[in-house]
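Trainee:
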Amino acid sequence: IAFIWKKIQAQVHYAKLNYWMEVALRYRVGLGMIAWGFRKLLPSQMVLPTYTVLNTPYGDIQAQKHYWQSVGIVPGYEVFLGFAEFIPGILLLYKRTAVLGAALAFVVMINVTLANHAYDGSVHIHSFSYAIWSFIILIPYLGSIIKVIVSNSSEKLNIYRPILTPSFNRVRLAIKSFIVIVFVFLFFGLQVKDYIETPYRLPKTPGVFELNGYYDVEKFVWNGEERSYNPLDS
85 IAFIWKKIQA
95 QVHYAKLNYW
105 MEVALRYRVG
115 LGMIAWGFRK
125 LLPSQMVLPT
135 YTVLNTPYGD
145 IQAQKHYWQS
155 VGIVPGYEVF
165 LGFAEFIPGI
175 LLLYKRTAVL
185 GAALAFVVMI
195 NVTLANHAYD
205 GSVHIHSFSY
215 AIWSFIILIP
225 YLGSIIKVIV
235 SNSSEKLNIY
245 RPILTPSFNR
255 VRLAIKSFIV
265 IVFVFLFFGL
275 QVKDYIETPY
285 RLPKTPGVFE
295 LNGYYDVEKF
305 VWNGEERSYN
315 PLDS
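The number in the numbering used here is simply the position in the sequence shown, starting from 1, with 84 added.
(1) Find out if the Cβ-Cβ distance for the pair Trp217, Leu109 is shorter than 8 Å.
(2) Tell me the residue span of the beta strand (DSSP E) that contains Val268.
(3) Taking the C-alpha atoms as reference points, what is the distance between Ile259 and Tyr111?
(4) Between which residues of its own chain and Lys124 is the CB-CB distance below 6 Å, once the five residues before and five after are set aside?
(5) What does the alpha-carbon distance come out to for the pair Leu101 and Asn253?
(6) Going by beta carbon distance, what residues of the same chain come within less than 8 Å of Pro127, once the five residues before and after it are set aside?
(7) Tell me the rounded alpha-carbon separation between Leu138 and Val264.
(8) Run the CB neighbour count on Leu248, radius 10 Å, all protein chains shown included, and call it buried at 16 or more, exposed below.
(9) With a Cβ-Cβ cutoff of 8 Å, do Gln148 and Asp204 count as a contact?
(10) Return yes when the Cβ of Leu222 is within less than 8 Å of the Cβ of Ala186, no when it is not.
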């Protein structure tokens, strides 16, 4: 692939290629952050501990549940985390605020990645991908940001921006409006509907009252044969 690329690279407009890659990454990270943010704004990702969890010995609970339940018992904090993901997602959908959105998304997703590694959250690569993509969006602006913040000097960005024809610009606005309507407003409406109908992903209808409670097993019978307790028995 590298050999072929070397042969054709003379015809490649790298600035244009980088611009459209940045657009693709902005929407990929932005929509992903918005979707995950909605799951926390209406606290339904990290749920309140169930009776099953509360009656499980602490050492027998998987590491991920330790983390999720420590967040789930504080719904207000989960909502805060939702805003921390939703706001960068919205900022990434617009060119003027994309750099700020990418910076916030990078900080938030590095934190999520570290938590997933520490608690074996099973989405290590998924969360790290968002952090890497956010950083890629930031790369062209890092030098200017450092000069402004550290050196307190004025800086003019030299970033490629394509000149769009009026017809192409109308198509772009139509596609963007469709994406925002579907993935922000419609998706939020579906999340609200889901949250009202099944809050915390738990059934709304009551179970059988007589079966509710904590079970203390006194004996175990297998194929008519009573077996004594053995923690090594499969």
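We treat Cβ as the ideally placed atom computed from N, Cα and C, and that holds for glycine.
Mentor: Based on what the coordinates show:
(1) By 1-based counting over the sequence shown, the position of residue 217 is 133. By 1-based counting over the sequence shown, the position of residue 109 is 25. Contact: yes.
(2) Residue mapping note: residue 268 aligns to position 184 of the sequence shown, counting from 1. Looking at the DSSP string, Val268 is not in any beta strand (DSSP E), and its letter there is neither H nor E.
(3) The residue you call residue 259 lines up with position 175 of the sequence shown. The residue you call residue 111 lines up with position 27 of the sequence shown. Ile259 and Tyr111 have their alpha carbons spaced roughly 12 Å apart.
(4) As a working mapping, residue 124 is identified with position 40 in the sequence shown. Here the set comprises Glu162, Leu165, Gly166.
(5) Walking along the sequence shown from the start, residue 101 turns up at place 17. Walking along the sequence shown from the start, residue 253 turns up at place 169. Pairing Leu101 with Asn253, the inter-Cα distance amounts to about 18 Å.
(6) Looking up residue 127 in the sequence shown gives position 43. Excluding positions up to five away in sequence, the list reads Gly156, Pro159, Glu162, Val163, Gly166, Tyr284.
(7) Against the sequence shown, residue 138 aligns to sequence position 54. Against the sequence shown, residue 264 aligns to sequence position 180. Between the C-alpha atoms of Leu138 and Val264 there is a straight-line separation of about 41 Å.
(8) Sequence index remark: in the sequence shown, residue 248 carries index 164 (1-based). Only exposed fits Leu248, as fewer than 16 other CB atoms lie within 10 angstroms of its CB.
(9) Sequence index remark: in the sequence shown, residue 148 carries index 64 (1-based). Sequence index remark: in the sequence shown, residue 204 carries index 120 (1-based). In contact: Gln148 and Asp204 (Cβ atoms closer than 8 Å).
(10) If you number the sequence shown from 1, residue 186 lands on position 102. If you number the sequence shown from 1, residue 222 lands on position 138. One thing to note: Ala186 has its Cβ within 8 Å of the Cβ of Leu222.
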